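S.K.:
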Amino acid sequence: TENATGLVKESSVNTLQGVETTYNTYNTFRVLVRSETKDENGRVIFYTDASTYLDNEGKVKDELRKLGRSAAQLYNPNTGLRIVIVTESASGLILNSKITTSFGTIEFTSNTYNSLRVMTGSVTRENDENGRPILITDATGYLNVKNQVMDALRNLDIPLARADVVNPNTGLKSTITVESARGLVITSEVTTTAGKEITENTYNSLRVLTGAITRDQFGNTVLITIPKDIDVQKVRSVAVQTNPNIGLSITITTDTATGLVLISAIQTLRGEEVTENTYIP
Numbered sequence: 001t002e003n004a005t006g007l008v009k010e011s012s013v014n015t016l017q018g019v020e021t022t023y024n025t026y027n028t029f030r031v032l033v034r035s036e037t038k039d040e041n042g043r044v045i046f047y048t049d050a051s052t053y054l055d056n057e058g059k060v061k062d063e064l065r066k067l068g069r070s071a072a073q074l075y076n077p078n079t080g081l082r083i084v085i086v087t088e089s090a091s092g093l094i095l096n097s098k099i100t101t102s103f104g105t106i107e108f109t110s111n112t113y114n115s116l117r118v119m120t121g122s123v124t125r126e127n128d129e130n131g132r133p134i135l136i137t138d139a140t141g142y143l144n145v146k147n148q149v150m151d152a153l154r155n156l157d158i159p160l161a162r163a164d165v166v167n168p169n170t171g172l173k174s175t176i177t178v179e180s181a182r183g184l185v186i187t188s189e190v191t192t193t194a195g196k197e198i199t200e201n202t203y204n205s206l207r208v209l210t211g212a213i214t215r216d217q218f219g220n221t222v223l224i225t226i227p228k229d230i231d232v233q234k235v236r237s238v239a240v241q242t243n244p245n246i247g248l249s250i251t252i253t254t255d256t257a258t259g260l261v262l263i264s265a266i267q268t269l270r271g272e273e274v275t276e277n278t279y280i281p
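Quick note, the sequence shown lines up with residues 1 to 281 if you use full-length UniProt numbering.
Right, dumping it as structure tokens:
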């Protein structure tokens with residue numbers, strides 16, 4: 001912190017891939033204007049730019065200020081993903097966020113917290129806070145009687161958190177475990193007609209997915225996913241997904257914001273077959 005003002009100039013957090021350090025810049029009104037988050041090697045993970053949400057004088061815009069809120073855009077140059085966040089000025093907690101998918105739709109997520117600043121859930125809707133629900137996230141089942149994150153997750157060297165995620169439009173339910181420091185999904189679990197499947201994700205220090213392995217409830221490998229390319233401009237990524245039990249490999253192109261498969265390609269005896277998927281907003 002700066003001794004004269006108490007403003008946080010720099011902050012560091014331990015992650016599964018090392019230390020992330022954020023450097024903040026303020027204007028003369030003590031308003032955060034921008035920040036950069038870097039890994040241990042000094043490479044930029046993401047930029048935070050609040051200037052769009054300040055007025056001509058450099059103050060937080062009135063419609064946000066009167067609610068005790070501020071806003072900024074986060075941009076990860078390694079993936080192309082942009083997120084607009086609205087935070088509570090007093091606590092810094094993210095109240096809502098908005099992303100635009102690579103196929104043009106907008107998803108708006110509202111978060112809820114308890115008095116211990118523990119996230120209890122969220123709802124993702126189309127377009128804005130009045131849109132139809134896309135995902136409902138509930139973390140309350142993984143809190144202890146004191147409303148803290150359960151001990152087995154909270155007391156790890158790198159703390160984790162867990163929640164159930166339901167898509168009310170498809171009925172699909174998954175249980176995700178996230179890294180508390182970054183919010184990255186470390187594991188996800190779904191129930192199929194053959195039992196449970198658990199996917200473990202790995203990332204590099206730039207928050208880029210480097211691989212995933214899906215196993216059944218007995219620990220046998222079902223799928224191996226290896227990322228091959230990232231289209232930063234289109235905010236999409238390409239990966240090869242292989243089922244080692246049958247030898248089948250599929251090249252998939254996914255939307256970075258949602259993880260939805262947009263294109264899949266497979267080699268057959270008669271050439272390549274390409275499937276293009278579309279989704280209802």
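Here a beta-carbon is modelled for each residue, glycine too, at the ideal position from N, C-alpha and C.
Just so we're clear, the structure is a prediction, and the values are computed from it rather than from any experiment.
Report, in whole angstroms, the separation of the C-beta atoms of Ser97 and Ile106, which I expect to be a contact under 8 Å.
M.R.: Start at 1 with the first residue of the sequence shown, and residue 97 comes out as number 97. Start at 1 with the first residue of the sequence shown, and residue 106 comes out as number 106. With a Cβ gap of about 11 Å, Ser97 and Ile106 do not count as contacting.
S.K.: Hey, could you find the ends of the beta strand (DSSP E) Arg34 is sitting in?
M.R.: Looking up residue 34 in the sequence shown gives position 34. Segment Leu32 to Lys38, the beta strand (DSSP E) holding Arg34.
S.K.: Can you give the Cα-Cα distance for Val274 and Thr253, rounded to whole angstroms?
M.R.: For the purposes of this step, residue 274 is taken as residue 274 along the sequence shown, with counting starting at 1. For the purposes of this step, residue 253 is taken as residue 253 along the sequence shown, with counting starting at 1. Whole-angstrom Cα-Cα distance: 11 Å.
S.K.: Using the three-state DSSP reduction, which class does Leu74 fall into: helix, strand or coil?
M.R.: Here residue 74 corresponds to residue number 74 of the sequence shown, with the count starting at 1. Of the three classes helix, strand and coil, the one that applies to Leu74 here is strand, per DSSP.
S.K.: I'd like the list of long-range same chain contacts for Asp39, defined as Cβ closer than 7 Å, with 5 residues on each side in sequence excluded.
M.R.: Taking the first residue of the sequence shown as position 1, residue 39 is located at position 39. For Asp39, where only same-chain residues beyond five positions count, the Cβ hits under 7 Å are Gly18, Glu20, Ile45, Ser205 and Leu206.
S.K.: Answer yes or no: do Val178 and Leu160 have a C-beta to C-beta separation smaller than 8 Å?
M.R.: What you label residue 178 is simply residue 178 of the sequence shown in a count that begins at 1. What you label residue 160 is simply residue 160 of the sequence shown in a count that begins at 1. In contact: Val178 and Leu160 (Cβ atoms closer than 8 Å).
S.K.: What's the gap between the Cα of Ile226 and the Cα of Thr214?
M.R.: The residue you call residue 226 lines up with position 226 of the sequence shown. The residue you call residue 214 lines up with position 214 of the sequence shown. In a straight line, the C-alpha of Ile226 is about 12 Å away from that of Thr214.
S.K.: Assign Asp255 to buried or exposed, taking buried as 16 or more other Cβ atoms, counted over all protein chains shown, within 10 Å of its Cβ.
M.R.: Position 255 of the sequence shown, counted from the first residue, corresponds to residue 255. Per the 10 Å Cβ criterion, buried.
S.K.: Between Ser102 and Ala4, what straight-line distance do the alpha-carbon atoms span, to the nearest angstrom?
M.R.: Within the sequence shown, residue 102 is the residue found at index 102, counting from 1. Within the sequence shown, residue 4 is the residue found at index 4, counting from 1. So the alpha carbons of these two residues sit roughly 44 Å apart.
S.K.: In chain order, which continuous runs of the beta strand (DSSP E) of length 3 or greater are located wholly inside the region 150 to 185?
M.R.: The region 150 to 185 contains these whole beta strand (DSSP E) runs: 160 to 166 and 173 to 179.
S.K.: Where do the ends of the beta strand (DSSP E) carrying Arg132 lie?
M.R.: Here residue 132 refers to the residue found at position 132 of the sequence shown. Neither: Arg132 is in no beta strand (DSSP E) and is coded neither H nor E.
S.K.: What's the gap between the Cα of Gly91 and the Cα of Thr22?
M.R.: As a working mapping, residue 91 is identified with position 91 in the sequence shown. As a working mapping, residue 22 is identified with position 22 in the sequence shown. In the sequence under discussion, the amino acid at residue 91 is Ser, which differs from the Gly named in the question. So the two alpha carbons sit approximately 17 Å from each other.
S.K.: Determine whether the beta carbon atoms of Thr15 and Arg117 lie at a separation below 8 Å.
M.R.: Locating residue 15 in the sequence shown gives position 15, where the first residue counts as 1. Locating residue 117 in the sequence shown gives position 117, where the first residue counts as 1. For Thr15 and Arg117, no; Cβs fall outside 8 Å.
S.K.: Identify which residue in Leu153, Ala72 and Ile134 has its Cα closest to the Cα of Leu143.
M.R.: Here the question's residue 143 lines up with position 143 in the sequence shown. Considering only alpha carbons, the answer is Leu153.
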